[in-house]
Each structure stands twice: as C-alpha cells, then as structure tokens.
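A short worksheet on the structure shown next.
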Amino acid sequence: MGHIRSERLCNSGRFSRAVTAEEEALHPALRVPPPRHSHCPGRVNLIGDHTDYNGGVALPMAIDLGTDVVFEPDSSELIVLKSDTEDEHAEVHVKIPLEHEYLRAVRPAWARYVAGMVAVVRPRTGGWGRITTTLPVGAGLSSSAALCVSVALALGLEGSPPRVARICQRGEQEATGMQGGIMDQLVTTSAVEGAALLIDFADLSARPVLVPEAAEFVVVHSGQSRNLPVTAYAARRAECEAASYHLGPLGHVDPEAILGIPDPTLRRRARHVVTECDRVRWFARAMVAGDLGEAGRLMIASHQSLATDFEVSTPALDQLVAKLLEVPGVHGARLTGAGFGGCVVALTEPGALDPDDFPAGAWRVRASKAASVELL
Ligand code: GLA
Numbered sequence: 041m042g043h044i045r046s047e048r049l050c051n052s053g054r055f056s057r058a059v060t061a062e063e064e065a066l067h068p069a070l071r072v073p074p075p076r077h078s079h080c081p082g083r084v085n086l087i088g089d090h091t092d093y094n095g096g097v098a099l100p101m102a103i104d105l106g107t108d109v110v111f112e113p114d115s116s117e118l119i120v121l122k123s124d125t126e127d128e129h130a131e132v133h134v135k136i137p138l139e140h141e142y143l144r145a146v147r148p149a150w151a152r153y154v155a156g157m158v159a160v161v162r163p164r165t166g167g168w169g170r171i172t173t174t175l176p177v178g179a180g181l182s183s184s185a186a187l188c189v190s191v192a193l194a195l196g197l198e199g200s201p202p203r204v205a206r207i208c209q210r211g212e213q214e215a216t217g218m219q220g221g222i223m224d225q226l227v228t229t230s231a232v233e234g235a236a237l238l239i240d241f242a243d244l245s246a247r248p249v250l251v252p253e254a255a256e257f258v259v260v261h262s263g264q265s266r267n268l269p270v271t272a273y274a275a276r277r278a279e280c281e282a283a284s285y286h287l288g289p290l291g292h293v294d295p296e297a298i299l300g301i302p303d304p305t306l307r308r309r310a311r312h313v314v315t316e317c318d319r320v321r322w323f324a325r326a327m328v329a330g331d332l333g334e335a336g337r338l339m340i341a342s343h344q345s346l347a348t349d350f351e352v353s354t355p356a357l358d359q360l361v362a363k364l365l366e367v368p369g370v371h372g373a374r375l376t377g378a379g380f381g382g383c384v385v386a387l388t389e390p391g392a393l394d395p396d397d398f399p400a401g402a403w404r405v406r407a408s409k410a411a412s413v414e415l416l
C-alpha cells in the first residue's frame, strides 16, 4: 500500500520518489524507511504583508538561505534531532498528539516545532537526525517554517506543494498556539528558481514573476529581534476578521466598501489590506516591465501603510527604511514579514548596498528553488 502511494505521488508531486524494491528489501523485517535528506529555503516577502489570512495576494520569494535535515529512521519510537544552532536536542515520541496542550509542554522550546511535525506526519518509526541551517533565527526570514517543512519532509511527508504547506501550517499552529497564515509554507514549497511568486490566497494558486537581472534584493536586520508576538499578530487577525464581518474576506473587497466600516481603527486595518493587495498587483506588473523605480515606490508606500494603517512597524524599522532610502541606487525598502522588529528588504541596483556595512546582519538574497527531499 505504502509503495503504491509513493509511486502515485511520485508522478504528481515533487516531494517523493518511489521506494525501490531493493531499498525495501534492505529492511525486510522492520520495514524501516530509508534515510532522507531534505532542504527548505527561507523566504523574504517582497510586498503584501498581512494579506494571506485575509484571502488576498502577496509576492514572496524563496531565498538561498535555508535549513537541511538528514534523518535516519530506526526501529525505536523516538524521533531524536540535533540542531547545530541549539545546545539541547529534540526528543519526541512518534505518537505525540496533535494538540497544543501536549505540544507546548515539549522542552526545549524549539523542539515544539519538531513535535508539531511529528504529530502531523505520524512517522512509522523513530529515528535519529541532524539539522543544519544558514538562516538567522527570529529575523522574519521564515526560519520556523523552513525548520518545520524540512523536518516534515525528512520524516516522510509527501504530496503537492499546497498539501505539504497546509499540513506543515497546521502542525506549526498547534505547536505554537498561534494562527499563523500559510504564506511562508506555500512559497517555500512552490518556489521557482529566479522568480518570486504571486500568490492568491483565495485559492492558493501561485504564478512565478521573474526577478529582472537589474534587480538586487538585500535583507537588512533592524537589530530588534522579532519573537513573533503572539498577541499582536492575533490582535491584527481578530481586527481583520471583525472588519470583514459585513464585507467578506478583505483581500477581495471593493475599496469603496471599507468606507462603510464604522470603527476608525478597523477601517484603517481594512484599508491597509485592500491597498496592499493593489500594490502587490502593481508591483508584479512593474517587475515584469523591469520598472524598478515604480517597484521601489510601491515598496515605500507598503511600508507606510504597514506603519500607519496597520501599526506593525517599530521606530527601529522606520529609521532603517529611512536610512536605506538615502543610499544612492536604492529604489525602495520596507519591513518584511509580520513586523514588530526583524528585517527590512531593500530593492537596489546591483552592488548599491554592502552587507558588511550593517552590524546587525544583512544578506544579499537570490530567488531560490523550492523545498526538496531525496532518499539517501
Ligand atoms: C508571518 C506569518 C505569515 C504572514 C506574515 C505577514 O510571517 O507567518 O503567514 O501572515 O506574518 O504577512
């Protein structure tokens, strides 16, 4: 049964290939699956923040920094993973329930992500593995989604990119107790090398938008670590839900309609989402036309909207954006991801910014390919 499923999925999805009879034969008694090596990139969102959970659009890009897992199943019932960035290893029983109550009790804290993935993948056996990463943690470059997707693929999760994304999102939500959106998982599983993805969250469809050769993206850390504040993110989600109560999902609302929202705060939240979705579409057109000046202007407008209407910026992020915009050759800059600290992304002429000039960390990032897994 498992064999047939693997073969079928092998034809449709990019995350699996059939386990050969020879490989199965190596473990006849235990039917221990073969070892796997997975890789999942991080992502930078070029434009379109806080639109995913509103059924809107965004334009994120998978980057050439990411997380790798090498996992060797054995006949035990424990998943043991060591990470090169953590002192303590993760040790999770294969039958841990998919419930926040159980997952939040897992120690150390980073192991909760592993536990969430074990709970959604339900691997047949335990095993031992190693995690390595080139992603900065807590910088808003999706280090947690990269960890989750990479672990899930190494544990044997298979399927189409939206399926893998949905399952990993579910496990991460249960592990953290936060209702995060699906942008990070979707872009890292669906990415195309050399392109950003125009994602429509109404149906999870994704269209590649080629990054022009003259465009360079530099991600600069604000120095303010972003431990995604559960309450602030949840509060914005709740405000959007309240604003959409009479109008339907904000990502598809007519701009005129938001004038009818009586509460001024909710009206501003809705205005951000509606105008941000417009900016995303214009940004995609500007990229296709190679109009980097226009793309930069849209990024600046996006930052302003996130700062004033959506109120997820911080003085450190605002100052960094202002400083970057003074540098010749910088077309535009904006906070990227949830906000509340973390990173700014700048669109520049090649070589306009030197990552070494930023003590809190900066990375010149390239549009990279999607997450993948191979049998070893
Ligand atoms: C976080 C979430 C995403 C998205 C962004 C804001 O990164 O994980 O789903 O909501 O914030 O755009």
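Here my numbering = 1-based position in the sequence shown + 40.
Beta carbons are placed, not taken as given, at the ideal position from N, Cα and C, and that holds for glycine.
Just so we're clear, the structure is a prediction, and the values are computed from it rather than from any experiment.
Item	Value
Classification of Val-314 by the beta-carbon crowding that lies within 10 angstroms, buried from 16 upward	buried
Pairwise C-alpha distance: Arg-307 and Ala-283	7 Å
Residues of its chain near Pro-330, where Cβ-Cβ distance is below 6 Å and the 5 sequence neighbours each way are ignored	The question names Pro, yet the displayed sequence has Gly at residue 330. Taken in chain order, the residues that qualify are Pro-252.
Rounded separation between Cys-208 and Glu-214 - CA only	10 Å
Within 7 Å, strictly: CB atoms of Leu-143 and Ala-151	no
Stretch-stretch touch, CB-based, cutoff 8 Å, three pairs: the segment 323-341 with the segment 371-379	yes
contact_flag[the segment 188-201, the segment 157-168] where n(CB pairs < 8 Å) is 3 or more	yes
Contacts around Glu-128, its chain only, beta-carbon distance under 7 Å, and the 5 residues preceding and following it disregarded	Pro-148
Euclidean distance between Cα positions of Gly-377 and His-312	14 Å
Proximity winner among Met-223, Trp-168, Leu-99, relative to Pro-74 (alpha-carbon distances)	Trp-168
Leu-86 versus Pro-395, Lys-122, Arg-71, Ile-239, residue with shortest Cα-Cα distance	Ile-239
Classification of Ala-236 by the beta-carbon crowding that lies within 10 angstroms, buried from 16 upward	buried
Short CB-CB distance (under 7 Å) between Met-327 and chain D	Judged by its chain identifiers, the structure shown contains no chain D, having just a single protein chain.
8 Å contact criterion, which Tyr-273 and Met-218 should meet: CB distance rounded	6 Å
Inter-residue spacing [alpha-carbon to alpha-carbon] between Ala-386 and Pro-201	28 Å
Close Cβ partners of Ala-410 (< 8 Å) along its chain, the five nearest in sequence each way excluded	Arg-54, Pro-81, Ala-102, Pro-201, Thr-228, Thr-229, Ser-230, Ala-231, Val-232
Those residues which DSSP pairs with Val-120 across a bridge	Glu-131, Trp-168
Runs of beta strand (DSSP E) lying entirely within the segment 183-271, each at least 3 residues, in chain order	235-240, 245-250, 256-261
Boundaries of the alpha helix (DSSP H) in which His-343 is found, first to last residue	332-348
Through-space distance from Val-405 to Ser-115, alpha-carbon basis	40 Å
Which residues DSSP lists as bridging Gly-372, in chain order	Leu-387
Contact test: Gly-377 Cβ vs the ligand MN heavy atom, cutoff 6 Å	By its list of ligands, the structure shown excludes the ligand MN, since it contains just the ligand GLA.
beta-carbon Asp-224 near the ligand GLA non-hydrogen atom, thresh 6 Å	yes
Continuous beta strand (DSSP E) stretch holding Pro-113: start and end	97-113
Option in Met-157, Ala-98, Ser-190, Val-260 with minimal Cα separation from Pro-176	Val-260
Cβ-based burial, Tyr-285 [other Cβ within 10 Å; buried from 16]	exposed
DSSP state of Ile-87 mapped onto helix, strand, coil	strand
Distance between Val-189 and His-77 (C-alpha atoms, nearest Å)	12 Å
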